[in-house]
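Sequence lines, in order, name chains A and B.
Its first residue numbered 0, the first sequence is counted upward by one per residue in numbering that gives the first Met the number 0.
Its first residue numbered 0, the second sequence is counted upward by one per residue in numbering that gives the first Met the number 0.
Positions of the beta carbon are idealized from the N, C-alpha and C atoms, including for glycine.
Inspection log for the structure reproduced underneath, given as structure tokens.
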Amino acid sequence: MLFDSFPFVIFFIIVTSLYFTIPYQWRWFLLLVASCYFYMAFIPIYILILGFTIVIDYFAGIYIEDATLSKRKILLVISLVANIGVLSIFKYYNFLNYNFSYILHGFDLTNPIPYLSILLPIGLSFHTFQAMSYTIEVYRGNQKAERHFGIYALYVMFYPQLVAGPIERPQNLLHQFREKHMFEVERIIDGLELMLWGLFKKLVIADRLAIYVNAVYNHPREHTGMTLILATIFFAFQIYCDFSGYTDIARGVARVMGFKLMMNFNRPYFARSISEFWKRWHISLSTWFKDYLYISLGGNRVSVPRWYLNLLIVFIISGLWHGANWTFIIWGALNGFYLVFALIAERYKLDVISQMKKYPKLNRLMQILITFVLTCFAWIFFRANNVSDAFVIVKKIFQFKGPINIENPSIMIYSIFSILFLLLVEARQEYYRGSFSFFNSQNWIIRNFSYALLIILILLFGVFDGGQFIYFQF
Amino acid sequence: MVNFSMEKIKKSPYKYFALKCGIFFVIVFCLDFTIGNTLRYFYFKQQSGLEYRTTYSIEKTMAAVVVFGSSKANHHYQPNIFTRELNLSFYNAGRDGNFIFYHYAVLEGILKRYSPKIIILDFTRSEFSRDQNNYDRISALLPYYRTHKEMRNIIELKDPFEKIKLVSSIYPFNSLFLTIAAGNAQFNKTRMFDNKGYIPLMNEWLRSVATDTSSATYTIDSVTMNVYKSFIADCLRSKVSLYVICSPYFIKYAHTDSSIQLAQQIAKENGVPFLDYSENSTFIDNSKLFADPSHLNDNGAKIFSYMLADSIRKISNGKFP
């Protein structure tokens with residue numbers, strides 16, 4: 000059940016209505032049942048996998064809290080191995096096996112290990128990381144073990160953030176399941192508005208841009224460098240709006256019911272450096288890696304070369320988290336390399352645009368543009384269907400040749416206008432926060448009209464299915 | 000008095016919320032109704048473009064020979080040749096990226112008005128495979144839902160919630176804003192040249208023939224197959240001479256396509272001629288007749304149209320219903 004589908008609208012209305020109707024002591028049960036139903040709408044049997052890790056982590060949490068120091072470590076390792084094991088089998092087994100076959104092939108040997116024909120459980124990486132954060136926090140003594148099995152299960156399965164995050168921490172979420180959330184009109188409307196804005200980003204911007212991006216990236220060899228540059232820029236906005244739109248809907252759904260989920264995106268394309276970009280992009284995952292991996296590796300409290308290595312390791316694993324493909328690993332490594340390079344440049348005072356400092360606004364603009372270009376370059380590897388395609392794209396892009404393919408002008412015009420609309424809204428939020436706003440106007444008529452217009456724009460320009468397409472004739 | 004009532008409503012959060020939602024939905028409804036109906040007016044006023052050709056096919060054409068099919072139909076059937084060879088008027092109702100659902104709905108619209116003498120259905124490889132895109136592309140027919148009852152069964156195949164979505168007046172015209180604007184503008188008439196629905200491709204595909212070794216097995220969609228059967232049945236009921244054609248590809252396939260086999264068998268059972276030109280040697284040995292591996296260029300289309308018109312004349316002995 001996708002957030003932008005009609006069945007979800009019905010599901011949301013029913014669950015939310017029931018949520019505010021039943022006594023609050025039973026709300027956790029309603030949410031747990033609803034979350035199970037939501038999860039089982041994809042592949043019902045996979046609920047058993049989720050159930051397995053929930054049971055392991057629930058008991059691990061309790062035993063870790065009660066155990067002596069040496070046993071605590073063993074229990075934590077058991078919990079982490081169970082979680083990472085499930086993730087490895089479903090997400091990385093075939094990838095590892097494929098690479099093993101490739102190596103054996105080099106020695107003229109065949110790989111006897113069979114491939115698994117299984118579908119990846121939906122949201123596996125998200126809820127696995129959320130579950131791991133619980134046992135780690137209990138181990139570190141920052142969180143008391145949850146004794147109520149239903150509430151712990153709900154912490155892992157809470158349906159708004161089950162599939163695509165944000166990856167919550169137990170300190171922020173667990174206690175909220177015990178709080179009594181009243182029917183507060185203003186909060187509910189805030190939540191609905193956030194959902195609507197998320198829906199707009201997903202349907203009007205991300206899915207629109209995807210039409211061009213998919214048509215180009217699925218046949219990169221047939222396109223010119225200029226077309227590939229445009230498709231890459233489009234992809235940068237597509238992935239942002241797709242992911243942040245989905246997060247907005249998740250946060251909106253939770254907000255309607257009185258839950259406060261963490262912010263996951265903070266206008267990342269206004270970042271002035273790669274390090275700032277990662278403080279604004281997928282915040283819940285970046286902070287997860289910082290708290291549980293980077294710091295565990297020693298963070299920056301080690302020798303300088305080791306510090307750089309730590310950064311690279313974290314980003315490579317972060318790449319692998321996004322998908323079992325070398326393209327994601329290269330994407331992660333590139334981002335790690337950017338950060339290391341920035342640190343080296345800072346260390347040796349290599350300021351390439353120091354002259355610009357006389358013109359602060361121009362300097363800021365240049366920093367934003369350079370960060371955006373570097374991010375876009377990395378996105379090529381993230382989006383390409385395979386490594387070979389990615390290198391073809393990079394090669395063609397650096398030729399800067401050829402006309403831009405505009406097979407369907409209206410899709411192109413909608414795409415460009417949707418990006419401009421997004422940039423306008425976000426630039427206002429970034430730089431002119433105190434100024435007049437249609438969406439946050441104190442005047443309820445203006446506010447109502449603004450959101451009504453957003454619905455009209457979704458109806459007019461949203462992409463609801465695969466009915467829109469580009470048929471490139473090469 | 001009004002203030003007093005408002006204060007009372009504000010004290011009950013449920014009523015206050017219902018009131019706010021009510022006001023919001025009235026605003027949305029008014030905007031949707033006004034904008035949707037304006038778009039409807041201009042949609043049917045178009046004088047050129049893809050949507051205009053669909054409307055023309057459904058509501059206006061009186062041609063004796065009508066071609067149905069996807070982009071292959073659009074680019075392969077040259078009207079002047081058919082008109083000259085068969086001495087019958089001709090219209091090409093093909094539309095890019097649309098398959099049997101679209102063809103059947105348009106056929107229903109046409110048969111409601113008159114019975115053409117000949118219908119040519121261009122059948123593509125894998126046409127019966129289960130593909131969600133085929134259902135999604137029914138969206139091309141949404142503007143006709145309100146006014147063409149005969150198409151509703153097909154349109155409702157798109158999604159179980161389609162009926163509810165169509166409560167909105169804007170939804171049928173989703174993503175058509177610029178297309179409608181262009182269709183009402185003069186410049187668009189010359190932008191994309193079409194001759195009675197036929198759109199010629201002028202480039203040449205100067206590459207060697209591709210070989211497709213991909214697996215021939217896929218899930219057959221029974222709904223799609225049944226719509227194909229209905230297409231044949233309705234043509235026969237209306238005493239139309241139907242020809243199902245598989246037009247040329249510049250691809251050599253390692254496996255026989257199960258959709259083509261099934262379509263051929265169904266056509267045979269109904270006494271409908273099925274002519275397969277997909278690997279015809281006149282074309283597959285000559286890349287200059289193609290614009291890309293799936294489409295003939297204008298020169299190829301002319302040769303193919305002569306060939307097909309000649310076959311139709313021979314099969315029918317020059318006698319049409």
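| Check | Outcome |
| --- | --- |
| In three-state DSSP terms, what is N269 (chain B)? | coil |
| Is there a Cβ from chain B that is less than 9 Å from the Cβ of G461 (chain A)? | yes |
| Please classify A17 (chain B) as buried or exposed, where buried requires at least 16 neighbouring CB atoms within 10 angstroms. | exposed |
| Please tell me whether D464 (chain A) has its Cβ less than 9 Å away from any Cβ of chain B. | yes |
| Can you tell me which of the three DSSP states A17 (chain B) falls into? | helix |
| Which of the residues in the stretch 14–28 of chain B, read from start to end, lie with their CB under 8 Å from any CB of chain A? | Y15, F16, K19, I22, F23, I26 and V27 |
| Give the straight-line distance between the Cα atoms of F43 (chain B) and L141 (chain B), rounded to the nearest whole angstrom. | 13 Å |
| Check the Cβ of I394 (chain B) against every Cβ in chain A and list those closer than 9 Å, keeping chain order. | The structure shown does not extend to residue 394 (chain B), since chain B is modelled only from 0 to 320, so the question has no answer here. |
| So which residues of chain B does I187 (chain A) contact, with C-beta pairs closer than 8 Å? | F16 |
| Would you say F473 (chain A) reaches chain B, if we count a Cβ-Cβ gap shorter than 9 Å as a contact? | No answer about F473 (chain A) holds up, because its pLDDT of 45 lies below 50 and its placement is not dependable. |
| Just the chain B side, please: which residues come within less than 8 Å of V313 (chain A) by C-beta, in chain order? | Neighbours of V313 (chain A) on chain B: none; closest Cβ ~38 Å, over 8 Å. |
| When the Cα atoms are used, what is the spatial distance from L86 (chain A) to I121 (chain A)? | 11 Å |
| Mapping the DSSP letters down to three states, classify D3 (chain A) as helix, strand or coil. | coil |
| Which of helix, strand or coil does DSSP assign to Q472 (chain A)? | Any answer about Q472 (chain A) is weak, because its pLDDT of 43 lies below 50 and its placement is not dependable; what the coordinates show is given next. Q472 (chain A): coil per DSSP, three-state reduction. |
| I need the DSSP call for S125 (chain B), collapsed to helix, strand or coil. | coil |
| According to DSSP, what are the bridge partners of N91 (chain B)? | B:V66 |
| Would S70 (chain B) and G96 (chain B) be called neighbours here (beta carbons separated by less than 9 Å)? | yes |
| For E183 (chain A), return the contacting residues in chain B, with the cut-off set at a CB-CB distance below 9 Å. | P12 |
| Specify the secondary structure class of V462 (chain A) as computed by DSSP and reduced to three states. | coil |
| In the DSSP assignment, what are the bridge partners of K251 (chain B)? | B:T210 |
| Three Cβ pairs or more, each shorter than 8 Å: is that satisfied between the stretch 37–47 of chain A and the stretch 103–117 of chain A? | no |
| Okay, do the stretch 266–276 of chain A and the stretch 368–375 of chain A touch, 3+ Cβ pairs below 8 Å being the bar? | yes |
| Which class does I166 (chain A) belong to by DSSP, given the choice of helix, strand or coil? | coil |
| My understanding is that M411 (chain A) touches I418 (chain A), with C-beta atoms under 8 Å, so please give their C-beta distance in whole angstroms. | That belief does not hold up - the Cβ atoms of M411 (chain A) and I418 (chain A) are roughly 11 Å apart, past 8 Å. |
| Which same chain residues, not among the five before or five after F7 (chain A), have their C-beta less than 8 Å away from its C-beta? | M0 and L1 |
| Which residues, taken in chain order from the stretch 163–188 of chain B, show a beta carbon closer than 8 Å to some beta carbon of chain A? | I163, K164, S167, I169, Y170, F172, N173, S174, F176, L177, T178 and A181 |
| Could you round the C-beta distance between L31 (chain A) and L17 (chain A) to whole angstroms and report it? I think they count as a contact, below 8 Å. | The pair is not a contact, with the Cβ atoms about 13 Å apart (cut-off 8 Å). |
| DSSP beta-bridge partners for F289 (chain B)? | B:L295 |
| So the beta strand (DSSP E) I244 (chain B) belongs to, where does it begin and stop? | S240 to C245 |
| Which residues, taken in chain order from the stretch 432–448 of chain A, show a beta carbon closer than 7 Å to some beta carbon of chain B? | N447 and F448 |
| Name the chain B residues that come within less than 9 Å of I412 (chain A), Cβ to Cβ? | L177 |
| Can you tell me whether A144 (chain A) is buried or exposed, with buried defined as 16 or more other CB within 10 angstroms of its CB? | buried |
| Which residues in chain B have a C-beta closer than 9 Å to the C-beta of F125 (chain A)? List them in chain order. | Within chain B, no residue comes near F125 (chain A); the closest Cβ sits about 25 Å away, beyond 9 Å. |
| Could you say which of B:F160, B:D256 and B:S114 lies nearest to S277 (chain B) if we only look at CA atoms? | B:D256 |
| Find the nearest neighbour of G149 (chain A) within the set A:V54, A:I63 and A:Y216, judged by alpha-carbon distance. | A:V54 |
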